[in-house]
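In our numbering, the protein residues as written are 16 to 420.
If you want it as structure tokens, here you go:
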């Protein structure tokens with residue numbers, strides 16, 4: 016039995032023929048739209064930390080890097096949700112490469128030009144590590160934040176994508192009780208590791224690398240998203256509305272933000288681990304809202320479109336920020352009102368550039384590199400599915416997109 020047949024068999028045995036096909040046919044617009052808000056949180060974190068300083072607002076977006084955890088968990092959810100019964104590892108890897116790498120490489124090359132323009136130094140090792148998506152494996156902030164800082168998260172995603180075909184078939188064979196146990200263990204392990212490392216290491220590059228950058232630790236968030244998707248596929252639905260889940264996540268975010276202002280910062284890794292259960296609750300509630308027709312404004316075409324731009328927004332805004340900082344070095348010396356205006360205008364400009372990058376670079380290159388979808392071979396041709404599986408969240412979503420400095 017080939018890998019595709021094994022995966023198909025596991026899905027049918029666990030969830031039934033109708034569940035396999037029907038679930039894949041659902042497009043979860045709410046999750047696509049939420050990607051924009053996660054990317055926006057990351058952009059605002061950088062903008063109101065590095066470009067301008069607005070009392071209150073800069074404190075609120077201090078924990079904006081939690082958007083990375085959202086992307087990692089959402090990436091696992093979407094890839095699992097959009098599994099194809101006739102898929103192959105080669106086709107999967109080709110889709111993921113086409114989805115992520117072209118814009119990343121273009122941004123990396125542009126980063127060389129930006130670094131030269133603003134007078135920052137770099138070396139070949141930094142470029143090669145970024146081009147090979149290996150920068151997150153090197154415990155040196157001059158490497159994993161080099162040229163285009165947010166791209167370190169794509170190094171993590173590369174590990175997730177490489178591992179996914181190998182553990183997906185195992186996960187889909189688990190029953191719902193097993194999925195719940197595995198999900199609890201994954202979230203618990205994340206908290207234990209983050210807490211232990213936080214206590215063992217002093218704040219700084221060391222703790223940041225092992226808990227925030229290191230791919231084998233961040234894969235726990237991805238796996239949690241995979242398990243959550245399988246629970247939704249099995250028929251489980253979130254008992255919480257999306258507003259309730261979002262408010263609960265906001266409360267925990269506020270508590271963590273307050274602890275930082277009082278001088279009790281826990282560090283990126285532990286804070287992200289604490290937020291993970293609430294991020295999963297938001298994803299589950301958003302998916303449930305989509306499946307039950309209660310998406311609200313998140314199903315609006317413009318909300319979905321903004322979500323489609325989220326990867327480009329995430330991967331391009333840092334280079335724009337470096338340019339604006341260089342051209343306007345006195346931005347933090349202005350009155351607060353002017354700083355607020357400049358920060359908001361920068362965010363709008365970043366969104367506009369992301370729209371252009373998505374329309375003229377990201378999407379055309381992805382389409383060209385993906386080519387035609389190959390026809391299934393062997394027994395897979397004889398399934399005669401009533402509905403062709405479609406991809407929710409724009410070509411399996413991005414996650415997928417992304418992370419941040």
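Beta carbons: idealized from backbone N, C-alpha and C, even for Gly.
| Query | Result |
| --- | --- |
| With 16 other Cβ atoms within 10 Å as the buried cut-off, status of residue 147 | exposed |
| Assigned exposure category for residue 364 - 16 Cβ within 10 Å defines buried | exposed |
| Nearest neighbour of residue 361, chosen from 116, 229, 321, 66 [CA to CA] | 66 |
| Cβ neighbour criterion (16 or more within 10 Å) applied to residue 374 | exposed |
| Same chain, Cβ closer than 6 Å to residue 322, five either side skipped, listed in chain order | 47, 48, 50, 51 |
| Limits of the unbroken alpha helix (DSSP H) element including residue 145 | 139-146 |
| CA-to-CA distance, residue 369 to residue 325, given in whole angstroms | 7 Å |
| Sub-8 Å separation of residue 88 and residue 239 beta-carbons | yes |
| Selection from 242, 284, 136, 263 that minimises the alpha carbon distance to residue 231 | 284 |
| Ranges of the alpha helix (DSSP H) found wholly within the segment 151-204, counting only runs of at least 4 | 156-159, 167-187 |
| Nearest-angstrom Cβ-Cβ length linking residue 69 and residue 334, presumed shorter than 8 Å | 23 Å between Cβ atoms; not a contact. |
| Residue 54 in three-state terms, based on DSSP | helix |
| DSSP state of residue 104 mapped onto helix, strand, coil | helix |
| Residue closest to residue 236, alpha-carbon to alpha-carbon, out of 223, 209, 191 | 209 |
| Neighbourhood of residue 392 by C-beta, 7 Å cutoff - its chain only, sequence neighbours within 5 removed | Any reading at residue 392 needs caution, since the residue's pLDDT is 44, under 50, leaving its predicted position unreliable; the model's value is listed next. So no residue of the chain qualifies. |
| Backbone CA spacing between residue 228 and residue 152 [nearest angstrom] | 8 Å |
| Beta-carbon spacing of residue 302, residue 247 below 8 Å | yes |
| Rounded C-alpha distance that separates residue 184 from residue 100 | 11 Å |
| Given 8 Å, three or more beta-carbon pairs between the segment 248-260 and the segment 196-213 | no |
| Sufficient close CB pairs (3 or more, under 8 Å) joining the segment 131-138 to the segment 329-346 | yes |
| Residues near residue 154 in its chain [Cβ-Cβ closer than 6 Å; skip 5 each side] | 224 |
| Counted within 10 angstroms of its Cβ, other Cβ atoms place residue 61 as buried (16 or more) or exposed | buried |
| Environment of residue 455 [buried if 16+ CB atoms lie within 10 Å] | The structure shown does not extend to residue 455, since the chain is modelled only from 16 to 420, so the question has no answer here. |
| Every unbroken beta strand (DSSP E) inside the segment 275-357 [3 residues or more] | none |
| Cut-off 6 Å between Cβ atoms - residues of its own chain near residue 300, not counting five sequence neighbours on either side | 253, 255, 257, 260 |
| Whole-angstrom distance between residue 118 and residue 190, CA atom to CA atom | 39 Å |
| Nearest to residue 234 (by Cα), restricted to the options 41, 55, 85 | 85 |
| DSSP-derived helix/strand/coil call for residue 217 | coil |
| Straight-line Cα distance separating residue 320 from residue 329 | 15 Å |
| Close beta carbons around residue 123, own chain, < 8 Å, minus the five adjacent residues each side | 142, 145, 146, 162, 163, 166 |
| Identity of the residue in 269, 305, 107 nearest residue 384 by Cα | 107 |
| Own chain, CB closer than 6 Å to residue 197, minus 5 neighbours either side, in chain order | 242 |
| C-alpha gap between residue 58 and residue 332, whole angstroms | 7 Å |
| Under the three-state DSSP convention, the category residue 96 falls into | helix |
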